[in-house]
Amino acid sequence: MDQSEAPLLDALHDHHLSHRYGFTPPGHRQGRGVDERVLRVLGRDPFRSDVLANGGLDDRRSRGGYLKRAEDLMAEAVGAEVAWFSTCGSSLSVKAAMMAVAGGDGSLLLSRDSHKSVVAGLIFSGVVPRWITPRWDAERHLSHPPSPEQVEEAWQRYPDAAGALVVSPSPYGTCADLERIAEICHARGKPLIVDEAWGAHLPFHDDLPTWAMNAGADVCVVSVHKMGAGFEQGSVFHLQGDLVDQDRLSACADLLMTTSPNVLVYTAIDGWRRQMVQHGHELMGAALELADRTRRDIEQQIDGIEVLDDELLGVQASHDLDRLQIMMDVSATGTSGYQAGDWLREYCQVDMGMTDHRRILATMSFADGADTAGRLLHALSLWRKAAADFERPPRVELPTPAELELETVASPRDAFFGPVEKVPAEQAAGRISAEQLTPYPPGIPAVVPGELINEAVLDYLRTGVEAGMNVPDAADPRLRTVRVTA
Ligand SMILES: Cc1ncc(COP(=O)(O)O)c(C=O)c1O
């Protein structure tokens, strides 16, 4: 295929030139009806390009084939057999993959460090989770993606599961050994789904961790908006091999998908693919060099920050690391990552990708340059001086890895939709949770509906909230009460 083409972008360009007018949604009529005060902030261009996908950009029967061609170009560019674009984030794509593999009354092996969208998929679909324990670094209080041995062990316990789903890279950039995990799944004739929401850039440089399709995964899901240049919500899911029914996967996505996809989201994905095919190697190579330099500069110039690197790799840790994710441990300063993140936002107008009780994460992108890396370094040096006067952060009571492993006693779907009651948090230990409780970001639920809540996890979340943790999906985000099954 001709990878210099961008069929969706070209179709939108033609639409701009054609003076086409639709007596159709969107009702703003390419900005004509939009309030001036809105236009002053958003500009006219987003509205000009916000056209109906079918019956606007393409005809009502998609006879131009722009979307299909853009998806085929994407599949070819990244070495998948089929690719689909989605405008509802990886949150939709991952649910579609779960339903395609295990929908009906199936079960899935799932790493317990899965994102909350995976748990949402369990609640919607009724798919039964067979949790794979992630690897735990108890000293740093950090989870790593599961090892091949842990996946094999899970298959031995649950041979009837329909497939396995692992997250790699994690939101911290740590990666699973996908090649071996795929081999283990395939030896049983079962598919591997990879939630690669953080890995849209991986196909485009050899020094980045292995791309799931190259590792042999059957389905993988990426968020183009995270590590690529898509608009928020732009996601692509990819398929290869014959272990997952292509038509069912596409139909599952159709069940969940909006009937009004945003053409801006689609066209940005199309343009990103062309950019990466033509310049990705050079852009990602430069980004990796910049990230390496920035890692060194931070460690050498800012005392009290430990930039995590080799500490995240090894037998008991991760298989590989995306070094664009710069995770910094600030615990030696006696202050917390929450305090650092809040201070950097308030006083330097710099936002961090993630903060927790002892870490901050800077996610570097191919769009960064020496100027933005310098800005990060300068902001961190200002924070370091200011941190000398910070109050000591409230203590977060950290559970042991064993305490974090809650027992699943009901299906997430039954626990979520069954009769529930709210109880004071002091009385929630020993009860079955009816809600997800997720420190966000990164969005890995500490408690999943159907799990038996224990004292240690409650203490962790409640002391975490006092220290600055955000648990937005709880009915009571202050966690004074918890929703449990009645
Ligand atoms: C591991 C993982 N999977 C899935 C998602 C959902 O992606 P999206 O925000 O594109 O819906 C996220 C979002 O942070 C994530 O971290």
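Using my numbering, the letters of the sequence shown correspond one by one to residues 1381 to 1866.
Note that the Cβ used here is the ideal one computed from N, Cα and C, for glycine as well.
Quick caveat, the model's predicted, so the values are computed rather than measured.
Alpha-carbon spacing of E1662 relative to P1405, whole angstroms:
Roughly 41 Å separates the two Cα atoms.
Under the rule that 16 or more other beta-carbon atoms within 10 Å means buried, what is R1400, buried or exposed?
It is exposed - the Cβ of R1400 has fewer than 16 other Cβ atoms within 10 Å.
Helix, strand or coil: how does DSSP classify D1769 here?
Collapsing the DSSP output to three states places D1769 in coil.
Is the separation between the beta-carbon of H1495 and that of I1740 shorter than 8 Å?
In this structure, H1495 sits away from I1740, with a CB-CB distance that is not shorter than 8 Å.
I think A1854 touches E1815, with their Cβ atoms under 8 Å apart; what is that distance to the nearest whole Å?
So it is a contact: roughly 6 Å between Cβ atoms.
Own chain residues within Cβ distance below 7 Å of Y1538, not counting five before or after:
If we look at Y1538 and ignore the five residues flanking it on each side, its Cβ neighbours are S1487, L1489 and R1510.
If you check the beta carbons only, do V1414 and V1643 fall under 8 Å apart?
No, Cβ-Cβ distance for V1414 and V1643 is not below 8 Å.
Alpha helix (DSSP H) segment containing W1535, residue limits
Per DSSP, W1535 belongs to the alpha helix (DSSP H) from P1528 to R1537.
With DSSP as the reference, label S1711 as helix, strand or coil.
Helix.
Using CA atoms only, rank isn't needed, just tell me which of G1694, D1672, D1586 and D1700 is closest to V1687.
Per the Cα distances, D1672.
C-alpha gap between A1480 and E1771, whole angstroms
Taking the CA atoms as reference points, A1480 sits about 51 Å from E1771.
Since L1832 and I1812 are thought to touch, with beta carbons under 8 Å apart, how far apart are those beta carbons, to the nearest angstrom?
Yes, L1832 and I1812 are in contact; Cβ-Cβ is about 6 Å, under 8 Å.
Mind the definition here: the segment 1501 to 1517 touches the segment 1785 to 1797 only if three or more C-beta pairs lie below 8 Å; say whether that holds.
The segment 1501 to 1517 vs the segment 1785 to 1797: in contact.
Measuring only the C-alpha atoms, how far is E1835 from P1822?
Straight-line Cα distance between these residues: approximately 23 Å.
Does any residue of chain B bring its CB to less than 8 Å from the CB of K1802?
Going by chain labels, chain B is absent from the structure shown, which holds only one protein chain.
Cβ shell of A1463 (< 8 Å), same chain only, five flanking positions each side left out:
Within the same chain, and ignoring the five residues on either side of A1463 in sequence, the residues whose Cβ sits closer than 8 Å to its Cβ are E1451, D1452, M1454, A1455, V1616, F1617, H1618 and L1619.
For S1716 versus A1847, is the C-beta spacing smaller than 8 Å?
Contact flag set, yes.
Does any heavy atom of ligand 1 sit closer than 7 Å to the C-beta of P1551?
P1551: yes, Cβ under 7 Å from ligand 1.
Quick one: does the C-beta of G1579 sit closer than 7 Å to a heavy atom of ligand 1?
When distances are taken from the beta-carbon of G1579 to the heavy atoms of ligand 1, even the shortest one reaches 7 Å or more.
Quick one: grab the DSSP three-state call for H1618.
Assigned with DSSP and collapsed to three states, H1618 falls in strand.
What span of residues does the beta strand (DSSP E) with A1742 cover, start to end?
Taken as a continuous stretch (DSSP letters only), the beta strand (DSSP E) holding A1742 covers R1739 to T1743.
Quick check: what's the CA-CA separation for L1389 versus G1444?
Each residue's CA atom was taken as its position, placing L1389 and G1444 some 13 Å apart.
Pairing CB atoms from the segment 1559 to 1572 with CB atoms from the segment 1521 to 1535, are three or more of them under 8 Å?
These segments touch.
Compute every distance between the C-beta of S1745 and the non-hydrogen atoms of ligand 1, then say whether any falls below 7 Å.
Not so, every heavy atom of ligand 1 lies at least 7 Å from the Cβ.
If we ignore side chains and look at the alpha-carbon of each, how far apart do T1843 and Q1807 end up?
The straight-line gap separating the alpha-carbon atoms of T1843 and Q1807 is approximately 16 Å.
Within the present structure, is the beta-carbon of S1615 separated from the nearest heavy atom of ligand 1 by less than 7 Å?
Yes, ligand 1 has a heavy atom inside 7 Å of this Cβ.
Only counting runs of 3 or more residues, tell me where the beta strand (DSSP E) segments fall wholly within the segment 1444 to 1530, in order along the chain.
Listed in chain order, the complete beta strand (DSSP E) runs (minimum 3 residues) inside the segment 1444 to 1530 are 1462 to 1466, 1487 to 1491, 1508 to 1512, 1515 to 1517 and 1522 to 1524.
Between T1554 and F1403, what straight-line distance do the alpha-carbon atoms span, to the nearest angstrom?
Roughly 49 Å between the two C-alpha positions.
Taking the alpha carbon of G1483 as the reference point, which residue from P1829, G1543 and E1801 has its own alpha carbon closest?
Nearest to G1483 by alpha-carbon distance, out of P1829, G1543 and E1801, is G1543.
In terms of residues, what are the limits of the beta strand (DSSP E) holding P1804?
Going by DSSP, P1804 is part of the beta strand (DSSP E) stretching over V1800 to P1804.
In the segment 1389 to 1454, which residue ranges form an unbroken alpha helix (DSSP H) of at least 4 residues, counting only runs that do not cross its ends?
Here the runs fully enclosed are 1416 to 1422 and 1425 to 1428.
Quick check on this structure: which residue in N1434, Q1383 and P1551 has the alpha carbon closest to the alpha carbon of Q1705?
Per the Cα distances, P1551.
I need the straight-line Cα distance from G1436 to L1392, nearest angstrom please.
Going from the Cα of G1436 to the Cα of L1392 covers about 10 Å.
Measuring alpha carbon to alpha carbon, tell me which residue in Y1727, L1692, V1507 and D1598 is nearest D1702.
Check the Cα spacing between D1702 and each of Y1727, L1692, V1507 and D1598: the tightest is with L1692.
Should A1580 and K1606 be called a contact, given that it needs their Cβ atoms to be closer than 8 Å?
One thing to note: A1580 has its Cβ within 8 Å of the Cβ of K1606.
Please check the pair M1708 and I1678, which I expect to be a contact at CB under 8 Å, by giving their CB distance rounded to whole angstroms.
Cβ atoms of M1708 and I1678 come within 8 Å of each other, at about 7 Å.
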